[in-house]
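For reference, the structure is listed below as C-alpha cells.
Chains as they are written, first to last, in the numbering used here: chain A, 10 to 440; chain B, 10 to 440.
Shown next as C-alpha cells:
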C-alpha cells in the first residue's frame, strides 16, 4: 500500500474514532494490555532478533539497552495502559457554553485532532505508549520507529491493531511505516495528516520541520541554562547547577550553559569546578571564567552547543539583563532556571525569558511531564503555538464549536428584528 | 532597514512587551484612540490620496468602498479600541497550579506568543484592529496591508507607533511592510517570527502556507455545507438554506453546497428553487437534482467550488452518512450545518463532521467571532491545532510553565529520598 493510501485510510478511521465513547476506548485499551501479556513470548522473540542483529551491526551499548524489550518492559507498558484507562475522558469536554439568543446555544467542545504522524527512536516501549495515548484521545496514528527495532515494532503494532479491532476500533487507525522514504512520503500528505510529532535526533527533527507543510510539534534542541544571580544562595546554586548538569546528561532538559553574575563568579566558579571535577565535566568558559578557573576557552560555537554529555559552557555576565538576553539569543526555548533570593529579579527573569519552562531555585531536570504530574507525556514542545513545554494528552486534542438553533437565521439579526443575548450558560453540551 | 532587521527588532520589542502590565497596555490603547481622533484630518487626507489613485486605476467599486476610511470608520475603530480596553487582561492568567512536592510549585501561566506577522486586505480599519489586539495581548507585529491603501496604512501605523511609544511601549513593536517582496522575505524569518496570520484571497493564503516554516493560522477556503435531512422541518430548512446562501454571499461562512436527503429531495428542491430564483442564484446540481429541478449539471469541479457569489452546488445523497463523507471530502473544515428534527442523527453529524463549526438547525452565517460573542476577532481558522473556528484574543496567546523551588534537585527523587505529591493548588502564580 502506498503512503498516500495509508494516510487516507488513517483519515477515514480517524473520522470514526471521533465518535467512540469512553467505554469503547477504555475497553480497547484493556484488550491491548491483555494481548501484550498473552503474546509476550512472540514479542520477546521478535525483540531477540532485533537485539542480535543490532549487536552484530555494533550498535552502541546505550542504544542496545534502549532497544531491549523484556518482560519488565512489557509489564511497565501494560501498567502505563492501565493508568491511562483511569484518566478522565479527554474528548467531549465542554470548554465554553454561551446562549447566543433564546434557543440558539453555542458550545466549544474538545475533540481529537485527527491523524497524527509520529516518528520515534529506538525504544519499542514508545510505540505502545504513543499508540495508547492516540487511542485514548481518539486520534489515528502513523508510526515510524527506529529500523533497529523493526521486528519488535512490527509485532507490537500487530498485537495492538488486532486487539483494538476486536474492541470495535476501525482498521487503519494504527499503521506502521517502515523506511525513511516512507517518512519523506508521509511529510507530503498534508491533506490527510494533521500533526507530526518527531521524537529523535536534532538534525532529523529539523529536517522534518523544513520539509513539510504539516504542523510539527516537538523540539529540535535542548539548550537549557542555569543563571546564578549575584543574590543567589551559593549552596542552593551549587546543588542545582550540579543536578541540572550531571543528574542525567543525555537528555534535553539537562543544563548545557551556566551563566554566572560577575559579582558571584569568584566565589562560585571554583566551588562548582570542584564538584564538576568529580564527574569529569569538561568546562568551556569565556575569558572572564578562564581568569578564575582552569578551562577550555569558549569560541563562537560554544554557547550553541548541546553537549548531551559531561560538558558545560560557562559565561560570566555583568547583569541579569545580559543573562536574559543571552538565553533568548542562544537558548532553545526549552527550560531555563534562575538561582536567586531576590524575588523581584526572579519575577522579571521568569517573565522575560521566552522559554516554555522558566524555573526559580530548582533543577532544569524537573522539566518533564511525569514530574509535572501529567500522567502521560506526548513529548516536549518548544513550539510557541498549540502546546508548549511537556505535553500531556491535551496536546493531541483540539475543539470544535457546536451551535444549536431552532431555525435561527442571520437575516433577523442583520435587520435588527432580533438581538444577541450572549449569556454564559455554564452547562455541558447535549442535544 | 532589511526585513531581517525589522523582524529582529520586533523580536526584541516582543520580549519587553511580555513584561508590560495591564495598566501600561490599556494606557497605550487609550493614547492611540486619542491620537486617531486628534490626527483625523491627516488620516482623511492620506485616505483621499489612496482613493483618488485607486479610482484612476479602476479599482472595483466594492474594493473602493472597503478602502474608504472616513470619520465614521475612525469613530468605529476608536470604539473598538475602547471596548478592548475593558476586556479582561489576557496575559498572566494562571491556567493550572500544582504542588509537585513541599515547597516546589508549578504554575501554567498565559503569555504572548511573541512576534506575529499579519497580512491583510484593503480595509485600513483592519490595521488598527489588529494592532490593538496585538498590543492588548503583548505581541509585537509586522503588518502588510493592501498596496491600494498604502498612504492610509502608513499614517495609521505612524500614529499608533508614536502614541504607544509615549505610553512606554518599546519601539519596533509595530512595523509596516510595504511590498510583496517584503512579505516573501518575512516568510523566511522563522527565527524571529512565531506566527503568520494571512487574511486575504485563497491563492495568497495557500502560497503563504506552502512557502514558510512559520506556523500559519487562517483559512484558505470556505466551502460550507447545509445538509437537509429526511427528518428535517421543511420550513426551517428553507429559511436556513436561503439565509446560509444569500444573506451575504461574498464571505467565507456563506453556504456553497446544499446536500439533500433523497427522501426529502422531491419536496424540498422545487421549494428552495423558487426562493433561489428571487435572488438569481445559479444552481449546479447532480443528475438526481436535475431530474427534479432545472439546473446546470455538476461536474467534478462543482463540489470544490467556492462561489462567493449567487451560485450553489446541490447534491442528492442516499443517507446522512453519504452527506458526512461528502463534507469531509469536499469541505474546507470551516462551517457545516445539518437541518433535522432527529437529535440522534444531529449528534452523530456534529461528531463526525470534521469542521471547526458544526451547526444544527441554524444558518452557517452565524460562524463569526462577533456573533459568537468573542468581542474581538483575530480571524477565522481552519487549522486543527492551536485555535480553530472564529479566533478571539486567545489565539494570540500561549503559556509557559513556571516552577518555583527552594533548592530542589531531581537526584533526591531519582534516588527515592523524596517523593512527588502532585496536589492541585488552585491559586494564581505569585512569588
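Even for Gly, the Cβ is constructed at its ideal location relative to N, Cα and C.
{"Query": "Would a check of beta-carbon distances place residue 203(A) closer than 7 Å to chain B?", "Result": "yes"}
{"Query": "Closer than 7 Å, Cβ to Cβ, to anything on chain B: give me those residues from the segment 330-351 of chain A, in chain order.", "Result": "337"}
{"Query": "Is the beta carbon of residue 119(A) sitting closer than 7 Å to the one on residue 408(A)?", "Result": "yes"}
{"Query": "So which of 434(B), 133(B), 352(B) and 266(B) has the shortest CA-CA distance to residue 310(B)?", "Result": "266(B)"}
{"Query": "Does residue 371(A) come out as helix, strand or coil in the three-state DSSP assignment?", "Result": "strand"}
{"Query": "Leaving out the 5 sequence neighbours to the left and right, which residues in its chain are closer than 8 Å to residue 60(B) when beta-carbon positions are compared?", "Result": "73, 76 and 77"}
{"Query": "Does DSSP put residue 345(A) in a helix, in a strand, or in coil?", "Result": "strand"}
{"Query": "How about residue 328(A): is its C-beta nearer than 7 Å to some C-beta of chain B?", "Result": "no"}
{"Query": "Could you spell out the range, first to last residue, of the alpha helix (DSSP H) harbouring residue 25(A)?", "Result": "12-26"}
{"Query": "For residue 325(B), which three-state DSSP category applies?", "Result": "strand"}
{"Query": "In angstroms, rounded to a whole number, what distance separates the CA positions of residue 43(A) and residue 31(A)?", "Result": "18 Å"}
{"Query": "Go ahead and pull the three-state DSSP assignment for residue 158(B).", "Result": "helix"}
{"Query": "Using the three-state DSSP reduction, which class does residue 247(B) fall into: helix, strand or coil?", "Result": "helix"}
{"Query": "Enumerate in chain order the residues of its own chain whose CB-to-CB distance from residue 280(A) is below 8 Å, with the five nearest sequence positions on each side excluded.", "Result": "243 and 247"}
{"Query": "Smallest Cα separation from residue 251(A): which of 191(A), 319(A), 80(A) and 406(A)?", "Result": "319(A)"}
{"Query": "Report the rounded CA-to-CA distance for residue 10(B) versus residue 388(B), giving the unit in angstroms.", "Result": "29 Å"}
{"Query": "Considering only C-alpha positions, which residue in the set 346(A), 196(A) and 274(A) is nearest to residue 263(A)?", "Result": "346(A)"}
{"Query": "Let me make sure I understand the geometry here. Which of 46(A), 194(A) and 323(A) has the alpha-carbon closest to that of residue 164(A)?", "Result": "46(A)"}
{"Query": "Please list, in chain order, all residues of the same chain as residue 333(B) whose beta carbon is under 7 Å from its beta carbon, the five residues on each side excluded.", "Result": "358, 361 and 362"}
{"Query": "According to DSSP, simplified to helix, strand and coil, what is residue 102(A)?", "Result": "coil"}
{"Query": "Are the segment 97-114 of chain B and the segment 432-440 of chain B in contact at 8 Å, needing three or more beta carbon pairs?", "Result": "yes"}
{"Query": "Mind reading off the beta-carbon distance from residue 298(A) to residue 325(A)? Whole number of angstroms is fine, and I expect it under 8 Å.", "Result": "6 Å"}
{"Query": "How should residue 145(B) be labelled, buried or exposed, when 16 other C-beta atoms within 10 angstroms of its C-beta is the threshold for buried?", "Result": "buried"}
{"Query": "Return no unless some Cβ of chain B is closer than 7 Å to the Cβ of residue 263(A).", "Result": "no"}
{"Query": "Taking the Cβ atom as the reference point for each residue, do residue 207(A) and residue 177(A) lie within a distance shorter than 7 Å?", "Result": "no"}
{"Query": "DSSP beta-bridge partners for residue 400(B)?", "Result": "388(B)"}
{"Query": "Can you tell me where the beta strand (DSSP E) holding residue 120(A) begins and where it ends?", "Result": "113-121"}
{"Query": "Can you tell me whether residue 107(B) is helix, strand or coil according to DSSP?", "Result": "strand"}
{"Query": "In chain order, which continuous runs of the alpha helix (DSSP H) of length 4 or greater are located wholly inside the segment 151-234 of chain B?", "Result": "159-175, 189-195 and 211-219"}
{"Query": "Could you name the residues of chain A that residue 372(B) contacts, counting a contact when the two beta carbons are closer than 7 Å?", "Result": "417, 418 and 419"}
{"Query": "Can you look up residue 265(A) in the DSSP assignment and give me helix, strand or coil?", "Result": "strand"}
{"Query": "Look at the Cβ atom of residue 392(A), then the Cβ atom of residue 414(B), and state whether they are nearer than 7 Å.", "Result": "no"}
{"Query": "Strictly below 8 Å CB to CB, what residues from chain A border residue 161(B)?", "Result": "What residue 161(B) touches in chain A: nothing, since even the nearest Cβ is about 27 Å away."}
{"Query": "What does a CB cutoff of less than 6 Å around residue 271(B) pick up in its chain, not counting 5 residues either side in sequence?", "Result": "325 and 327"}
{"Query": "Check this for me: beta carbons of residue 278(A) and residue 249(A), under 7 Å apart or not?", "Result": "no"}
{"Query": "Short of 8 Å in beta carbon distance, which residues of its chain neighbour residue 221(A), apart from the five on each side in sequence? Order them along the chain.", "Result": "196, 197, 199 and 205"}
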